[in-house]
Every structure is written in C-alpha cells, then in structure tokens.
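Sequential numbering from 246 applies to the sequence shown in the working numbering.
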Amino acid sequence: MSQHRHPGTPGRAGAVPALPDLPEATVARLPEYLRALHNLAETGNETISSEGLANAAGVNSAKLRKDLSHLGSYGTRGVGYDVALLIEQIEYVLGLTQRRAVALVGVGNLGHALAGYDGFAGRGFRIAALLDADPARVGEEINGLVVQHVDELPRVAAEESIAIGVIATPAAAAQRVADQLVAVGVTSILNFAPCVLSVPDGVDVRKVDLAIELQILSFHEHRKASLTALPAASGSALTALPGGLAVTESQEAIGT
C-alpha cells in the first residue's frame, strides 16, 4: 500500500522516522492493536509482552511482532513493549494525531445510531456535520448537532474541513451521495449502504455491509452443522448441492 511520506517526530527515542509503506493486512490489524493498548493503558499497564498484546488483539504473536517491526518497534527483551510509546507510534501511522472531521450523510435508523455514538471522539474523529435529503429530518438535533440538508454539503465541507464522508443512506441514494462527496473534495468514504460505489482513482472507499457479515457467519454455522451430520466412516461420502451437483467430503475440505 502506497502512502504519503511524512517526517517523523524528532528527538523522541523510538519514534517512527517516516510514514512507512505497510501491507494492507498490517494496516487492518493496527486498529486492533491500538484498541488493546488503550485498554491496557486504562488498567494501569505500562509494558506488555508480544504474547500478551497478541492475545488481547486476537492474533498470533509472530504476526504481531512482524507488523510492529514495520513501525520500527521491536520491544525490549525481557520487558516487552512500552504501552504509551506504542500507542503514540500507531496513532501517528494511522493519522490519529489530529482529530479528523467527519460528515455523516443519512440519518435514518443506522445513521441516527452512528451520530449518537460517543466512541468516535476518543479515537481521533469528530462528527462535524449530519446531512439528509429528507426535509422531515432537516432541523432535527442529534447529539448536539443539527441535521442539515445534503445540498448544504459544499458549504459544510469547506467550513468544517471535512476529511471523511460516511454514507448511511439507502442503496438507491448512495452513489449520488458519493458523487457529491467527491465533488467537494472528500477522498475517503465509509459506506454502510448495501451497494458497490464507483469512485475516481485516488478516492478510498471502505464498505461495511452487516448482511454480508451475517451471511459469512451463516456459512460457518452451516458448515459446522454439516460436519456433525457426516457419517463416521471416511471415504467419498457425497454432499448434495442445489441443482443436482454433489461434492465429496475431501472436495468440501479443500474448496474444489
């Protein structure tokens, strides 16, 4: 993953010298490490071993050590990692040393819940604007913010220096909202709408689809149930699939 370079924090031992190019998988795990580290700091832990942090973050320790080595953080033998310093390093790499302004578009049931969530502020984000196309929603106050019409987005984006757009609209409206966000210079979008957005190069979109996550869990439930129902004898027992197809147990195991 290519990222813009940025000078490190001078004069601080162990500080990240420059923003590193990180594998996407590492970037995805850094927030989990950060969450675990904040919990450790809140309970008074000043240092943590790689094994302890890996357990708290739900990964194996070898993977964690490799991820943190990208940050120039290797811990101290027999002591572990300095919790406060590691928080500082990860927050720097994730760009959380400044509070980024977020515009939330769509204040239906999901958007309303997101607007009322207090956890964003403690993790470097500020919900700066709530917008909706429904005149019945405009003027509603949620968590201290008044809902504005989405047509106000250009003015709001300029006044609040919006860095990230969150789309919580119905699927039919999501692409239009994405286009509006891109038009006002927003290049990072979190999409909760159940659809795929088309955006220009240079615009990053993260998609959160709760139904897809439930379907994946449903697969695992189905898989566990089918394994417990298999006959005890090994061999080439067939599992029927829709459409008259069938696969053997060994094919199921390897996904062929």
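Glycine included, each C-beta is placed from N, C-alpha and C at the ideal position.
The alpha-carbon separation between I409 and L459 amounts to approximately 26 Å. Where G410 is concerned, the enclosing beta strand (DSSP E) starts and stops at I407 to I412. Taking the C-beta atoms as reference points, V350 is found nearer than 7 Å to V395. According to the DSSP assignment, D312 belongs to the alpha helix (DSSP H) that extends over S306 to S314. Take Y326, set aside five residues on each side of it, and the residues of its chain with a beta-carbon closer than 8 Å to its own are T292, I293, S294, S295, L298, L313, S318 and G320, in chain order.
Counting along the chain, A374 sits inside no alpha helix (DSSP H); it lies in the beta strand (DSSP E) bounded by residues F370 to D377. Counting along the chain, no beta strand (DSSP E) covers Q420; the unbroken alpha helix (DSSP H) around it starts and ends at A416 to A428. Spanning the alpha carbons of G384 and A358 requires a straight line of approximately 17 Å.
Inter-segment contact for the region 388–405 and the region 325–344 is absent: fewer than three beta-carbon pairs are separated by less than 8 Å.
Collapsing the DSSP output to three states places V347 in a strand. Under the criterion of beta carbons closer than 8 Å, A402 and G356 do not qualify as touching, at roughly 18 Å. In terms of Cα proximity to P380, the closest of E397, R368, A373 and F370 is E397. Remark: C-beta atoms of V450 and I434 approach each other more closely than 7 Å. Bridge pairing for L435: V411 and R451 [DSSP]. L376 counts as buried, since no fewer than 16 other beta carbons sit within 10 angstroms of its beta carbon.
In this model, T473 and S463 are separated by some 16 Å (Cα to Cα).
The C-alpha of P268 is placed about 11 Å away from the C-alpha of K311.
For the 7 Å CB-CB criterion, I407 and A348 form a contact. Membership of L275 in the alpha helix (DSSP H) is indicated by the continuous run E269 to E287.
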